[in-house]
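K.L.:
Could you have a look at this structure, given as C-alpha cells, before my questions?
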Amino acid sequence: MKIWEYILRRLMLALLVLFGVSLVTFIIARVVPSDPAALWVGPRPTLEQLAAARAKLGLDQPLPVQYLRYLGSLLRGDLGVSIKTHQPIIQDLRAYLPATLELVLVGMAMAVFIGIPLGVLSGARRNSLLDHFSRLLAVAAVSIPTFWLGLLLQILFFRELRWLPISGRVSIETTLYQPIRTLTGFYLVDSLITRNWPAFSDALLHIILPAFTLATYAIGLSIRMTRSTIVEVLEEKYIVAARAAGLPERTVLFRLALKNAIVPTLTVLALSFVYSLTGAILVEVIFSWPGLGSYVTAAVLSADFPVIMAVTLIVTAFYVVINLLLDLVQAALDPRVVLR
Amino acid sequence: MREPLISVRDLRVQFHTYAGVVNALNGVSFDLYPGEVFGLVGETGCGKSVTGLALLQLIPPPGEIVGGQILYCGQDLRTLPPAQMRSLRGGKIAMVFQDPAAALNPVFTVGEQMEMVIRQHRRVSRRDARRQAAEMLRAVGMPDPLRILNAYPHELSGGMQQRVMIAIALSSGAEVLVADEPTTALDVTIQAQILDLLVSLKKERGIAILLITHNLGVVAETCDRVGVLYAGSVMEMGPTTAIFREMKHPYTQGLLAAIPHAERRGRFLSAIPGSVPSGLQIPPGCPFHPRCAFAWDECRNEIPSLLPVDEGHWVACHLYGRGRR
Amino acid sequence: MIPFGQAVGEWARERQPLWAEYGLMLRAFRRDWLALVSLSIIIAFIFFAAFAPWLTPYPEQGRGVPNIAERFQPPSRLHPLGTDDLGRDLWARICFGGRTSLSIGFLVVVIAVLIGTPLGAIAGFFGGWVDEVIMRLTDIFLAFPSLLLAIAIAAALGPSFTNAMVAIALTWWPWYTRLVRAQTLSLRERTFIEAARGIGVKEGTIIFRHILPNVMTPVLVQATMDIGSAILTGAAMSFIGLGVQPPTADWGQMVSVGRVYFINAPWFVTFPGLAIFLVSLAFNLLGDSIRDIADPRTRRAVR
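Protein chains in written order, with the working numbering: chain G, -3 to 336; chain L, 24 to 348; chain P, 162 to 464.
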C-alpha cells in the first residue's frame, strides 16, 4: 500500500515532467522559421491549398489554443500525423521503436556482461595487469567517436575478415526466402517464436556490430562506475569482517560487495539505455538500421515537427519510467533506502 | 603448564606508504591460552588493531608482515596455504570489530549473513544453518532470535548489533576470538553487558579471547592477563592484578596515572608529556625514551628486551634489565 | 550521450580543497606520467590548431580551397596523411579542423559551467521553493533526450558552428547545476559558512566569497572530463550534418564525408577520426588524473 502510494506520486511527477517537455518541444517547434503548412502541401502550393492546410493543422488558431489542442490529442493517445508523409505517427513507431529497442537491449546486455565483471575484477585487483587493461579499455571506450568506431569495425569484420555483414537487420536472402513473420517487431524474438532458425542466426549476425558499437560507451561507463564503487566498498569494515569470517574471495566480491556496489552502475546503465534510444542515431545511420534514430533524424532534417515531438515524448516517457524502476530496484537492493 | 593456543613471536609489520615505510609492529610476542582473556592495551596507533588483523592474516595492503611467527597449534599461520587459512578464519579464529554498525553488511539480513558464514564452514542445509544461527543468537542473549534473523542490521540497536557480530564470529565453533575494541562504539551500560557476555563465553566455552582496547577500565574488569603496547612494541606484560598493582614500566605507570580515580578526586590528572611517535620515525633505542622521565644513555641507544621481573610478569625497560632490578 | 565524468563524479565527493592543497596537487600531478602525456597531447593539438597556417605548405587547402588534381592521394612525402575527396591535404585539414572541434569542446563546457554553477549554488544555498523550481527545471532538461534536443535546436536555428555549440551547451548545464547544488548543500552545513551567516555576512557575499571558490575544484575536474565528451558530441553533430558547414574544416564532418569512400581511401576516414579519439582520450585521462589528485584519499594512496 505504501509502495503504491509512492509509485502513484512518482507517476504524477512524471506527468509534470512530460508536460514540461511537451511545452518545450512545442515552443521550439513554433519558433522555427519553417511553415508546416507548406511542407504539408508539398512543392508549388497554391494560396488556397496553403490556407486549407493551415486550417486543417490548426495553425490559424492562436498559439495557446494550438498547444491545448495538441495536449488534448496527446491525452487521447493520438501522437499526431507526420507532416511529410501524412501517416499517423503511431503506425511508424510500431515499426521503428522495436528495431531500436532490440538494438539497445542487446547493447545493454553486452555492457552488463562485459562491463560489470571487468569492473569488479579490476576494482578487486587494483594495479594488476587486468586492472590496467580494463581501465584503459574503459577510457578508450568512452573517448572513441561512435560513428568512427562503427566504420572501423565494418572495415575489419566486413571488408578484411568477412565474418559479419556490413549493415541492415537481415540479409536480402532472408527477406526473400525466410521472411520473418512480424509479431513483436523484435526480429530475434519473432524468429525464435516462429522457429525460423536461419532467420534467427542471420538477425543475430546482423545485430552484433551495431549493438557492440552502441554499447561501447556503456561498457566504458559500467567498467569505470563498477570499479570505483567496488574499490570504495572493499574498504568497508563489513568486507574485512566477511573475510575475517572465512568467506572466500569469490563470495566476498560477487555476492557481497557487488550487491553493495551495484546501484550506481545500474543508474548509469539505465541512463545510457534511455540516451541510446535516440543516441542510436549515429549507429543506425552507419549500419542502415531502420530504427527510431533514423526516423527522427529524417524528421529533423525535413522539419517534420509532429514526429520530433512524438519521439521526444516517447523517449522522455522511457526516461521517467526507467528512473522510477531504478528507484524501486534500489529500494529492493538496499533496505536502508526510504522511498519518499 | 598449559599449552598456548596461539603464540605470537617477534611479529613485525610494515606499511609501505608514499611518505616512507611505517613500522607498525616491531617484534611483538605474546601467548594466548585457552579459556583466558588477554588484553592488549595502548594508545591509538600503537599497533593493537594491526596485531589483531595479523592473527587472521588480514593485514590490508600496503601493509605486510615482514617477520616473526604466528603459531596456532604449532603451525605457522604465515606459511599456511590460503585455503586452509580461510577455513581457520571464522572457523577456529574469529574476530569482532569496533563498530558493529559498520561491520555488518547493510544490505543483507542478519539471517542471510549468518547462514552464509555457517554454510561456509559446515556442510549443512540452509534450514539447519538457520536453526544453528537462531541457537547461536539465543546463546549470546538475544531474546527473539527468529525476529532478529529476518531483521536488517540497521533495524537493531548497537548492543544487539554487537551481539549479532559475536554470534556470527562464534557460529562455527571458534576457539580464538579477536575482539577489537568491541565496546568502544557502544553506550556505557551496553558496554558492560557485552563485556559480561564475553567473560561468560570464555567460561562456558573455554575460548581464548584477545581483547584489544585502549580502555584500562575494560581491562581491569575483564582481562586475566594484559600486554601493554607502545609504538609497535610490547612494553610490559603480565597478570592483570600485577600490572595494576605493581606496574614496572614508566609508560604503564604513566598510563595508569592518567586514569581518573575516586580516591584522588580533586587532584590533577597526570598526563604523559609528549606524544606517540609516528610509525615513520620510531626513536632509536627504547621507543618511549623521549617521553620518559628516567631515560639515560642506554635507553637512547639500545632497544630493551622483554625480560621477566616476576612470575609471568615481563617488562621491556633498561631500569629492570640485567640485575638492575 | 551522458557526459561521462558527470555520471561518475556525482557519486561520493565530500572533500573540500584548501588553498594549501593546490601545492600538494601540483606535486602529485608532476609525478603522474599518464597525466603529463595527456596534457602534452592536448597542448600539441592546441598548438597545431593555433599555428595551423604555419605548420603546412597548403594553408589555403586547410581553409577549404579544392585541389582537384590530387584527389584521394594516399599518404606520401608531399601529403603525410594523404588527401581528401577534393584533393586537399588531410594534415592541413586536420590542423584547421582542430580550430573548430577544439573550440566547440571548450566553449560548450564554458557556457554550461557559466549557466549551471550559479544556478546550482543558488538552489543549494537557498533551498525551499527556489531549489524546487531550479531542480524541476533541470529534471526536464535531463529527461530530454539530449542529442535529440541538440539536433532539434540546431535544425531549428539552422546548421552552423554557433548553433551547434549553443544546442549542446543547452543540454549540458543541468549536470553542473546538480553537482554544484550537492556540493553547496554539504558546504552549507560547514562551520565557516554558519559562522559567516552568524556574523551577518550578506547571502550574496557568502555565495561568491565562500561557496563558489570551494566548489571550483570539483567543477574544474568535471569540466576537464567533459571537454572530451563535448568534442565527441560536437563531432557527432557535424557528422550528421548539423554542425560546421563546408568549406570550413571539422573533424566530425571529415569523417562523415570520408565514410563514403572508406573502401578505396581508408586514410581519409581514419585520420580525422583518430584526431577526435586522441583528443577526447587525452581529456578523459587528464580529467581522471586530476580527479584522483584532487581527492586527498586517492592522492596519498599507496601503490
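In this text, a Cβ means the ideal position worked out from N, Cα and C, and glycines have one as well. Bear in mind the structure is a predicted one, so any value in this text is a computation, not a measurement.
Classify residue 465/P as helix, strand or coil using the three-state DSSP reduction.
P.N.:
This structure gives no information on residue 465/P, because the portion of chain P shown stretches from 162 to 464.
K.L.:
Could you name the residues of the same chain whose beta carbon sits closer than 8 Å to that of residue 463/P, not counting the 5 residues immediately before and after it, in chain order?
P.N.:
Along the third sequence, one-based indexing puts residue 463/P at 302. Unreliable positioning characterises residue 463/P in this predicted model, as indicated by a pLDDT of 36, which lies under 50. A coordinate reading is not provided.
K.L.:
Using 8 Å as the Cβ pair cut-off and three pairs as the minimum, do the region 368 to 380 of chain P and the region 299 to 316 of chain P touch?
P.N.:
These segments do not touch.
K.L.:
How many angstroms separate the CA atom of residue 367/P from the CA atom of residue 352/P?
P.N.:
Within the third sequence, numbered from 1, the residue matching residue 367/P stands at position 206. Within the third sequence, numbered from 1, the residue matching residue 352/P stands at position 191. Cα to Cα, the separation comes out at about 13 Å.
K.L.:
If contact is defined by three or more beta carbon pairs under 8 Å, each pair taking one atom from either stretch, is the region 166 to 184 of chain L in contact with the region 209 to 217 of chain L?
P.N.:
Yes: the two stretches touch, three or more of their Cβ pairs being nearer than 8 Å.
K.L.:
Determine contact between the region 141 to 148 of chain L and the region 241 to 260 of chain G, defined as no fewer than three beta-carbon pairs at a distance below 8 Å.
P.N.:
Touching, yes, given that three or more Cβ pairs across the two stretches are closer than 8 Å.
K.L.:
Could you tell me whether the Cβ of residue 308/G comes closer than 9 Å to any Cβ of chain P?
P.N.:
Counting from 1 along the first sequence, the entry for residue 308/G is found at position 312. Yes, because at least one Cβ of chain P sits closer than 9 Å to the Cβ of residue 308/G.
K.L.:
Using the Cβ count rule (16 or more neighbours within 10 Å means buried), how would you classify residue 148/L?
P.N.:
For the purposes of this step, residue 148/L is taken as residue 125 along the second sequence, with counting starting at 1. By the neighbour-count rule (16 or more Cβ atoms within 10 Å), residue 148/L is not buried but exposed.
K.L.:
Which residue comes first and which comes last in the beta strand (DSSP E) that contains residue 52/L?
P.N.:
Position 29 of the second sequence, counting from 1, holds the residue named residue 52/L. Where residue 52/L is concerned, the enclosing beta strand (DSSP E) stretches over 43 to 55.
K.L.:
Going by Cα to Cα distance, which pick from 454/P, 297/P, 387/P is closest to residue 268/P?
P.N.:
Counting from 1 along the third sequence, the entry for residue 268/P is found at position 107. When only C-alpha atoms are compared, the closest one is 387/P.
K.L.:
Measure from the C-beta of residue 199/L to each C-beta in chain C and report whether the shortest distance is under 9 Å.
P.N.:
This model lacks chain C altogether; the protein chains it does include are G, L and P.
K.L.:
Residue 394/P and residue 329/P look like a contact to me (Cβ under 8 Å); what is the Cβ gap, rounded to whole Å?
P.N.:
Here residue 394/P refers to the residue found at position 233 when the third sequence is read from its first residue. Here residue 329/P refers to the residue found at position 168 when the third sequence is read from its first residue. Contact holds; Cβ gap of about 5 Å.
K.L.:
With three or more beta-carbon pairs closer than 8 Å as the criterion, would you say the region 193 to 205 of chain G touches the region 159 to 172 of chain G?
P.N.:
Segments in contact, yes.
K.L.:
How would you call residue 332/G, buried or exposed, if buried means at least 16 neighbouring beta carbons within 10 angstroms?
P.N.:
Here residue 332/G is taken as the residue at index 336 of the first sequence, counted from 1. Exposed, because fewer than 16 other Cβ atoms sit within 10 Å of the Cβ of residue 332/G.
K.L.:
If the cut is a Cβ gap below 7 Å, which residues of chain L does residue 244/G touch?
P.N.:
If you number the first sequence from 1, residue 244/G lands on position 248. Under the 7 Å cutoff, chain L gives 109.
K.L.:
In terms of residue numbering, what span does the beta strand (DSSP E) encompassing residue 182/G cover?
P.N.:
On the first sequence, position 186 is the one that residue 182/G refers to. Taken as a continuous stretch (DSSP letters only), residue 182/G belongs to no beta strand (DSSP E), as it is neither H nor E.
K.L.:
Could you tell me which chain L residues have their CB closer than 7 Å to the CB of residue 233/G, listed as they occur along the chain?
P.N.:
Your numbering for residue 233/G matches position 237 in the first sequence. Within chain L, the residues near residue 233/G are 120, 122, 125, 126.
K.L.:
Can you tell me whether residue 290/P is buried or exposed, with buried defined as 16 or more other CB within 10 angstroms of its CB?
P.N.:
As a working note, residue 290/P is residue 129 in the third sequence. It counts as exposed.
K.L.:
Within the chosen definition, does the region 266 to 281 of chain G reach the region 296 to 308 of chain P through at least 3 CB pairs nearer than 8 Å?
P.N.:
Yes, since at least three Cβ pairs between the region 266 to 281 of chain G and the region 296 to 308 of chain P fall closer than 8 Å, the two stretches touch.
K.L.:
Rank 189/P, 444/P, 450/P by C-alpha distance to the C-alpha of residue 205/P and give the top, closest one.
P.N.:
Walking along the third sequence from the start, residue 205/P turns up at place 44. Comparing Cα positions, the closest option is 444/P.
K.L.:
Out of 60/L, 53/L, 33/L, point me to the one whose CA is closest to residue 223/L's CA.
P.N.:
Working through the second sequence from its first residue, we reach residue 223/L at position 200. It is 60/L whose Cα lies nearest to the Cα of residue 223/L.
K.L.:
Any idea if residue 32/G is buried or exposed, counting beta-carbon neighbours within 10 angstroms, 16 or more meaning buried?
P.N.:
The residue you call residue 32/G lines up with position 36 of the first sequence. Result: buried.
K.L.:
Buried or exposed, going by whether 16 or more other CB atoms sit within 10 Å of the CB of residue 191/P?
P.N.:
Along the third sequence, read from residue 1 onward, the residue named residue 191/P stands at position 30. Looking at its Cβ environment, which holds fewer than 16 other Cβ atoms inside 10 Å, residue 191/P is exposed.
K.L.:
Pairs of beta-carbons, one from the region 79 to 90 of chain L and one from the region 225 to 235 of chain L, closer than 8 Å: are there three or more?
P.N.:
They do not touch, by the three-pair rule.
K.L.:
Would residue 191/L pass as a contact of residue 113/L if the rule is Cβ separation under 9 Å?
P.N.:
Taking the second sequence and counting its residues from 1, the one referred to as residue 191/L is at position 168. Taking the second sequence and counting its residues from 1, the one referred to as residue 113/L is at position 90. In contact: residue 191/L and residue 113/L (Cβ atoms closer than 9 Å).
K.L.:
Go ahead and pull the three-state DSSP assignment for residue 202/L.
P.N.:
For the purposes of this step, residue 202/L is taken as residue 179 along the second sequence, with counting starting at 1. Residue 202/L: strand per DSSP, three-state reduction.
K.L.:
What are the boundary residues of the beta strand (DSSP E) that includes residue 90/L?
P.N.:
Reading the second sequence from its first residue, position 67 is the one you call residue 90/L. Where residue 90/L is concerned, the enclosing beta strand (DSSP E) stretches over 86 to 95.
K.L.:
I need the boundaries of the alpha helix (DSSP H) containing residue 255/P, first residue and last residue.
P.N.:
Within the third sequence, numbered from 1, the residue matching residue 255/P stands at position 94. Residue 255/P -> alpha helix (DSSP H) spans 251 to 287.
K.L.:
If residue 195/P and residue 446/P are in contact, beta carbons under 8 Å, what's the gap, nearest whole angstrom?
P.N.:
Within the third sequence, residue 195/P is the residue found at index 34, counting from 1. Within the third sequence, residue 446/P is the residue found at index 285, counting from 1. Contact flag correct, Cβ pair sits at about 6 Å.
K.L.:
Once you ignore the five residues that flank residue 193/P on each side, which residues in its own chain have a CB closer than 6 Å to its CB?
P.N.:
Sequence index remark: in the third sequence, residue 193/P carries index 32 (1-based). Once the five neighbours on either side are set aside, the close Cβ partners of residue 193/P are 450.
K.L.:
Among 14/G, 100/G, 4/G, which one has its Cα closest to the Cα of residue 273/G?
P.N.:
Within the first sequence, numbered from 1, the residue matching residue 273/G stands at position 277. It is 100/G.
K.L.:
Could you tell me whether the region 239 to 255 of chain P touches the region 353 to 364 of chain P, using the rule of 3 or more Cβ pairs below 8 Å?
P.N.:
With the cut-off at 8 Å, the region 239 to 255 of chain P and the region 353 to 364 of chain P do not touch.
K.L.:
Since residue 136/G meets chain P, which of its residues come closer than 7 Å, beta carbon to beta carbon?
P.N.:
Locating residue 136/G in the first sequence gives position 140, where the first residue counts as 1. Residues of chain P passing the Cβ test: 442.
K.L.:
Within the region 173 to 233 of chain L, note down every full alpha helix (DSSP H) run reaching 4 residues or more, in order along the chain.
P.N.:
DSSP runs (the alpha helix (DSSP H)) wholly in the region 173 to 233 of chain L: 181 to 193, 211 to 228.
K.L.:
How many Å lie between residue 225/P and residue 82/G at the Cα?
P.N.:
Working through the third sequence from its first residue, we reach residue 225/P at position 64. Working through the first sequence from its first residue, we reach residue 82/G at position 86. So the alpha carbons of these two residues sit roughly 40 Å apart.
K.L.:
Given a cut-off of 9 Å on the beta-carbon distance, is the pair residue 138/G and residue 209/G in contact?
P.N.:
Translated into positions along the first sequence, residue 138/G becomes position 142. Translated into positions along the first sequence, residue 209/G becomes position 213. Taking 9 Å as the Cβ cut-off, residue 138/G and residue 209/G do not qualify as a contacting pair.
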